[in-house]
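Trainee:
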Amino acid sequence: MAECRKHGSEPQDNDSNSLLAHDEAIHKSAPMKQHSDDKYRLLGRLEFFHEHPTITYMYNFLWFFILGTLNNFGYSIVLAAARSVAEDFNQLNMLGFVPWANVGVGLLVRPLNVAMERVPFTARFLLNAILMFLGPSLLALSIWTDITFVFCILSILVVGASSSFGESVLLTYMRLYDARSVNGWSSGTGMAGVSSALAYLVATWLEIPDQLTFVVIAFLAGIYVLSFALLVRPRPCPRRADSDPEEAVEPFSEDVLDGLTPDAVEQADPTPAVPVIDRVIAYAHKLWVCTKHASWNGGLLAAVYFFEYVSLTGCAAKAQPADDGSAKTKYVVLQLSYQIGVFLSRSSLLLFKIRYVWILAAMQAVNFAAWQLQAYTKIVPFAIQIPAMFYVGLLGGAMYVNVLYFTMADARISKNHMELTINLITIFICLGITASSIYDLVIDHTFLADK
14 MAECRKHGSE
24 PQDNDSNSLL
34 AHDEAIHKSA
44 PMKQHSDDKY
54 RLLGRLEFFH
64 EHPTITYMYN
74 FLWFFILGTL
84 NNFGYSIVLA
94 AARSVAEDFN
104 QLNMLGFVPW
114 ANVGVGLLVR
124 PLNVAMERVP
134 FTARFLLNAI
144 LMFLGPSLLA
154 LSIWTDITFV
164 FCILSILVVG
174 ASSSFGESVL
184 LTYMRLYDAR
194 SVNGWSSGTG
204 MAGVSSALAY
214 LVATWLEIPD
224 QLTFVVIAFL
234 AGIYVLSFAL
244 LVRPRPCPRR
254 ADSDPEEAVE
264 PFSEDVLDGL
274 TPDAVEQADP
284 TPAVPVIDRV
294 IAYAHKLWVC
304 TKHASWNGGL
314 LAAVYFFEYV
324 SLTGCAAKAQ
334 PADDGSAKTK
344 YVVLQLSYQI
354 GVFLSRSSLL
364 LFKIRYVWIL
374 AAMQAVNFAA
384 WQLQAYTKIV
394 PFAIQIPAMF
404 YVGLLGGAMY
414 VNVLYFTMAD
424 ARISKNHMEL
434 TINLITIFIC
444 LGITASSIYD
454 LVIDHTFLAD
464 K
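Numbers given in the working numbering equal positions in the sequence shown, counted from 1, plus 13.
1. How long is the line joining the alpha carbons of TYR413 and GLY173, rounded to whole angstroms?
2. Considering just the uninterrupted stretch of the alpha helix (DSSP H) at ASP223, what are its terminal residues?
3. In whole angstroms, give me the CA-to-CA distance for LEU363 and SER181.
4. Classify SER339 as buried or exposed, calling it buried when 16 or more other Cβ atoms lie within 10 Å of its own Cβ.
5. From the DSSP output, in three-state form, read off THR135 for me.
6. When you compare only the Cα positions, how much space is there between GLY327 and CYS303?
7. Would you mind listing the alpha helix (DSSP H) stretches within the region 384–421 that are 4+ residues and don't spill past its ends, in chain order?
8. Could you tell me the alpha carbon to alpha carbon distance between ILE160 and SER168, rounded to whole angstroms?
9. My assumption, with CB atoms under 8 Å, is that ILE166 sits in contact with ASP101. Please give the rounded CB distance.
10. With PHE319 as the anchor, note down where its alpha helix (DSSP H) starts and where it stops.
11. Report yes or no: do the region 299–319 and the region 441–459 share at least 3 C-beta pairs separated by less than 8 Å?
12. Is ALA254 buried or exposed, if buried means 16 or more other CB atoms sit within 10 Å of its CB?
13. Mark ASN103 as exposed unless 16 or more other C-beta atoms lie within 10 angstroms of its C-beta, in which case mark it buried.
14. Please determine, among LEU75, THR420 and THR82, the residue with the shortest C-alpha to C-alpha distance to PHE356.
15. Kindly indicate which residue of ALA422, TYR404 and VAL207 has the alpha-carbon position closest to the one of LEU184.
16. Among VAL229, SER194, LEU211 and ALA205, which has the Cα closest to the Cα of ARG246?
17. I believe VAL111 touches ALA95 by the beta-carbon criterion, under 8 Å. Please report the beta-carbon distance rounded to the nearest angstrom.
18. What number of angstroms, rounded off, separates the C-alpha of ASP257 from the C-alpha of ALA424?
19. Taking only the alpha-carbon atoms, compute the straight-line gap between MET129 and MET71 and give it to the nearest angstrom.
20. To the nearest angstrom, how far is it from the Cα of ILE236 to the Cα of LEU219?
21. Take the Cβ of ALA396 as the centre, count every other Cβ of all protein chains shown within 10 Å, and call the residue buried at 16 or more, exposed below.
22. Less than 7 Å separating the beta-carbons of ALA378 and PHE320?
23. Taking DSSP as the reference, what is the three-state secondary structure of ARG123?
24. Considering only the beta carbon of each residue, do ALA234 and ALA114 sit closer than 7 Å?
25. Can you tell me whether ALA34 is buried or exposed? The criterion is at least 16 other CB atoms within 10 Å of its CB, across all chains shown.
26. To the nearest angstrom, how far is it from the Cα of TYR190 to the Cα of ALA242?
27. Could you give the residue range of the alpha helix (DSSP H) that holds GLU100?
28. Please report how far the alpha carbon of LEU56 lies from the alpha carbon of SER240, in whole angstroms.
29. Run through the region 145–211 for me and flag every whole alpha helix (DSSP H) of 4 or more residues, listed as ranges in chain order.
30. Cα-Cα, which of LEU407, ILE392, PHE441 and VAL370 is closest to PHE419?
31. Classify SER450 as helix, strand or coil using the three-state DSSP reduction.
32. Determine the contact status of ARG359 and GLY311, defining contact as a CB-CB distance below 7 Å.
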């Protein structure tokens, strides 16, 4: 029963009664529908895993960790290589466009996952695998042919689209699992930062061309698909009719796990179609409710991402004196230091949890001010910059994992609202990083222009 998510009983809103009745009719009509996803899920039906929930949790934890690492690896190595890529095109003062392209596209692709709510998760993962292969391949081509900086930015947009879309899909998929499973994913995304920064640092020392590095990364998409295929599905849990309503458990039907195609919905639903206007009203109400659930923690998370990405990119790129010949390598070392901090704090959920996340946001705001001061004055030696950037990563990673955990574990958020709420929180992340990119461009052309 550990794989099953508990929800308190809560009255349904009048505006969405018709839609809820519509959904219940679908689930009752086709509760055990076989999906094409089954042939990709190699271990999902092994009874051994269903009879040993602890082993199942640990097994899935491993694959969520690997998926998190693979999903964010390309994105993270682009951040580590940002200064080098900008210098390849002699556009160092346009460095802010690199993290923007890497993340800003998430404002478009994350809502796409919301629109694909009825599309099976396997199809969404395969779509992301294609993006994961195309992004680094196009980026390698842009550097190899030295076409234009614009083409390079467009290639990074594809890399960022894969990371953002993949994160949105995986987090909404994880709502079907134990809320603690988010620790596996978040640890994996932290490991992506550490391993990618370390890999790029080694590649820099060995003088491996950037284009070759990105070509190798493109082929990680195959491992990504295999990792998803090896996940074990949550076991369906029957509702106990005699249990306390607060302890009632929602069953996981095949339809809940993978969604129905529009044709299947039409065939399965014996009731008349819900009028379009009723659907619009019901969805607007659902959006409003989910926005209220996501706004506080999502807004704080956006602020933390804004503070840390300004520190990590624009300020770190100009933290060394202009005549420092090792500035490029030092930038990568700072990236690695940051990613180690992120990895450790994103892996901390099993040890402790931080409910009052606004404290983390306030502490990150102090870092934001300090790193701008360093970029302008360059008074702090590099040896102190390393632990300072590590601290930035600690706060950012802790904020990410705690916001996601407390959202997924919040019994006030119904099963019908959870996916959209999580998607809205990931959109807040995009807003924060997009704002940081705009801010980077402003300071690079104002008080840091000649620094």
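Backbone N, C-alpha and C fix where the C-beta goes; we use that ideal spot for every residue, glycine too.
Quantities reported herein were computed from a predicted structural model and do not represent experimental measurements.
Mentor: Taking the coordinates as given:
1. 18 Å
2. From DSSP, the alpha helix (DSSP H) with ASP223 extends over 223–231.
3. 23 Å
4. SER339 is exposed by the Cβ-count criterion.
5. The answer is helix: DSSP assigns THR135 an H, G or I state.
6. 33 Å
7. 395–421
8. If you take the alpha carbons of ILE160 and SER168, they lie about 12 Å apart.
9. With 8 Å as the limit, ILE166 and ASP101 do not qualify as a contact, their Cβ atoms being about 12 Å apart.
10. Here the alpha helix (DSSP H) through PHE319 covers 289–322.
11. yes
12. Annotation note: pLDDT 37 at ALA254 (below 50); position unreliable, coordinate value reported separately. Exposed, since its Cβ has fewer than 16 Cβ neighbours within 10 Å.
13. ASN103 is exposed by the Cβ-count criterion.
14. THR82
15. ALA422
16. Taking only the C-alpha atoms, the option nearest ARG246 is SER194.
17. About 4 Å; that satisfies the 8 Å criterion.
18. Model confidence at ASP257 stands at a pLDDT of 39, short of 50, so the residue's coordinates are unreliable; what they give is reported in the following sentence. For ASP257 and ALA424, the distance between alpha carbons rounds to 14 Å.
19. 29 Å
20. 26 Å
21. exposed
22. yes
23. helix
24. no
25. With a pLDDT of 45 at ALA34, under the threshold of 50, the modelled position of that residue is not reliable, and no figure is offered here.
26. Taking the straight line joining both Cα atoms gives about 16 Å.
27. Its alpha helix (DSSP H) spans residues 95–101.
28. For LEU56, the predicted structure reports a pLDDT of 47, less than 50, and the residue's modelled location is therefore unreliable. A value from the coordinates is still provided. Going from the Cα of LEU56 to the Cα of SER240 covers about 11 Å.
29. 162–186
30. Of all alpha-carbon atoms in LEU407, ILE392, PHE441 and VAL370, the one lying nearest the alpha-carbon of PHE419 is that of VAL370.
31. Helix.
32. no
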